[in-house]
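Have a look at the structure below before the remarks.
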Amino acid sequence: MMPRKIVYGTNAASQFQYPENSLVITTTTPDIYEKWLNYMGIKKYEIYDKVTPDPAIEKIQEIKEKYEGKEISAYIGLGGGSSMDVCKYLGKLTGIPKILIPTTFGTGAEMTTYAVVSFNHKKKLLQDEAFLADAAVVDPYFLPGTPFNIMRNSACDALAQASEGYDSKLANPFTKLFCKEAFEILEDGIMNEKQELLPYGAMLSGIGFGNSSTTLGHALSYVFSNEGVPHGYSLSSCTTVAHKFNKSIYYERFKQVCQKLKFEPLKLKQSLDEAADVIMPDRGHLDNNPIEVTKQDIVNCLDEIINKNPMQ
Ligand SMILES: [Zn+2]
Numbered sequence: 057m058m059p060r061k062i063v064y065g066t067n068a069a070s071q072f073q074y075p076e077n078s079l080v081i082t083t084t085t086p087d088i089y090e091k092w093l094n095y096m097g098i099k100k101y102e103i104y105d106k107v108t109p110d111p112a113i114e115k116i117q118e119i120k121e122k123y124e125g126k127e128i129s130a131y132i133g134l135g136g137g138s139s140m141d142v143c144k145y146l147g148k149l150t151g152i153p154k155i156l157i158p159t160t161f162g163t164g165a166e167m168t169t170y171a172v173v174s175f176n177h178k179k180k181l182l183q184d185e186a187f188l189a190d191a192a193v194v195d196p197y198f199l200p201g202t203p204f205n206i207m208r209n210s211a212c213d214a215l216a217q218a219s220e221g222y223d224s225k226l227a228n229p230f231t232k233l234f235c236k237e238a239f240e241i242l243e244d245g246i247m248n249e250k251q252e253l254l255p256y257g258a259m260l261s262g263i264g265f266g267n268s269s270t271t272l273g274h275a276l277s278y279v280f281s282n283e284g285v286p287h288g289y290s291l292s293s294c295t296t297v298a299h300k301f302n303k304s305i306y307y308e309r310f311k312q313v314c315q316k317l318k319f320e321p322l323k324l325k326q327s328l329d330e331a332a333d334v335i336m337p338d339r340g341h342l343d344n345n346p347i348e349v350t351k352q353d354i355v356n357c358l359d360e361i362i363n364k365n366p367m368q
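Taken in order, the sequence shown gives residues 57 to 368; the numbers are from our numbering.
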């Protein structure tokens, strides 16, 4: 599955015809979203700009109620993962069409049927056909201004998704085609410093892993995310170690890209045993790993991540 309409390229967002009375859903950083709105040339719209990271279900219900009776014609999710997740969930609740416009380039979330929403302060990965965008607009126009840190975290996430998705038990020749192509484009973009390739690679990665799944690398990464490490950053070590464990064809190449991006080793506050207990119930990732994973395997992987600098 992929969005009914995908528009890619510089000027894609400025040339897109936005329906009148759309509701733009974005985060509280006007310096970023205002330049986008100007560039998009969108007229006659409402804006909700209070999306925060890890959006809670209560917040989404609140937005739904706030705009009830206002005849919103479409939702426009503008921003990183959180804005798009809110937009996806709202679209499922109301049936109003959704247009997704990523501004951070890395998650590929604009392509997928996944959404991450918090219930009782716990992040949950949900999948539903109703989360799929009616249109995805990917425009690298503002990419040159992206800070290095954000760029490398996004690039690492896209690369991890592409390679984990390739190895996933749910992969098939069609999804592998997208994951393989995505990996090659992203690798070329990073190793040869052709940044302009990254949004396209991330988009293809989204189609590939969105129709298979990510696996052990992502499962390992969430205990680091829970301690405040950015998602893409934690994947640099976690996916490297996971690829080694799985004997992935992407192990060496993934590691080389992480070295090029100069990622530092990770630290963990909780004990390896505690962390492994958090990771084990994550069946959505672990059941799709190409090799079966025991708790001891997880402890060993974490030990390698923390104590043996896997990027060396
Ligand atoms: Zn990811």
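For glycine and all other residues, C-beta sits at the position ideal for the given N, C-alpha and C. This structure is a prediction, so every number in the text was calculated from the model and none was measured.
query	result
If you compare alpha carbons, which of 109, 71, 147 and 140 is closest to residue 123?	147
Can residue 69 and residue 222 be called in contact, C-beta distance under 9 Å?	no
Taking DSSP as the reference, what is the three-state secondary structure of residue 157?	strand
CA-CA distance, residue 250 and residue 297?	26 Å
Taking buried to mean at least 16 other C-beta atoms within 10 Å of its own C-beta, is residue 164 buried or exposed?	buried
Grab the span of the alpha helix (DSSP H) containing residue 64 for me, first residue to last.	Note, residue 64: premise wrong, no alpha helix (DSSP H); beta strand (DSSP E) at 61-64.
With a threshold of 16 other CB atoms inside 10 Å of the CB of residue 311, please say whether the residue is buried or exposed.	buried
Residue 120 and residue 82: beta carbons closer than 9 Å?	no
Just list the beta strand (DSSP E) runs in the stretch 167-232, keeping only unbroken ones of 3 residues or longer that don't cross its boundaries, in chain order.	170-175, 178-183 and 191-194
Using only Cβ atoms and a threshold of 7 Å, which residues come within that distance of a heavy atom of ligand 1? Order them by chain position.	163, 213, 216, 217, 270, 274, 287 and 291
Consult DSSP for residue 316 and reduce its assignment to one of helix, strand or coil.	helix
Under the DSSP definition of a beta bridge, which residues are partnered with residue 258?	Per DSSP, none; premise fails for residue 258.
DSSP state of residue 291, grouped into three classes?	helix
If you count every other CB in all the chains shown that lies within 10 Å of the CB of residue 266, and 16 or more means buried, which is it?	buried
Can you tell me where the beta strand (DSSP E) holding residue 102 begins and where it ends?	101-107
Sort 90, 108, 286 and 79 by Cα distance to residue 100 and report the nearest one.	79
Given 8 Å as the limit, is there contact between the stretch 185-203 and the stretch 58-77, that is, 3 or more CB pairs closer than that?	yes
Less than 8 Å between the CB atoms is what I'm expecting for residue 244 and residue 66, so what's the real figure, rounded?	Actually they do not touch by this definition, with Cβ atoms about 18 Å apart.
Here's the rule I'm using: 16 or more other beta-carbon atoms within 10 Å means buried, otherwise exposed. How should residue 138 be labelled?	buried
Would residue 141 and residue 173 be called neighbours here (beta carbons separated by less than 9 Å)?	yes
Under a Cβ-count criterion, where at least 16 other Cβ atoms within 10 Å of its own Cβ denotes burial, should residue 330 be classed as buried or exposed?	exposed
On the DSSP bridge assignment, give the partners of residue 83 in chain order.	107
In the DSSP assignment, find the unbroken alpha helix (DSSP H) run with residue 149 in it and report its ends.	137-150
Taking 8 Å as the threshold, find out whether the stretch 106-120 comes into contact with the stretch 87-97 through three or more Cβ pairs.	no
Buried or exposed, going by whether 16 or more other CB atoms sit within 10 Å of the CB of residue 350?	exposed
Where does residue 304 fall in DSSP's three states?	coil
Around the C-beta of residue 320, are 16 or more other C-beta atoms found within 10 angstroms, so that it is buried, or is it exposed?	exposed
Is residue 219 near ligand 2, with its Cβ less than 8 Å from a heavy atom?	As presented, the structure is devoid of ligand 2, carrying ligand 1 as its sole ligands.
State the beta-bridge partners of residue 133 as determined by DSSP.	81 and 156
Give the straight-line distance between the Cα atoms of residue 247 and residue 129, rounded to the nearest whole angstrom.	43 Å
With which residues is residue 112 paired in a DSSP beta bridge?	174
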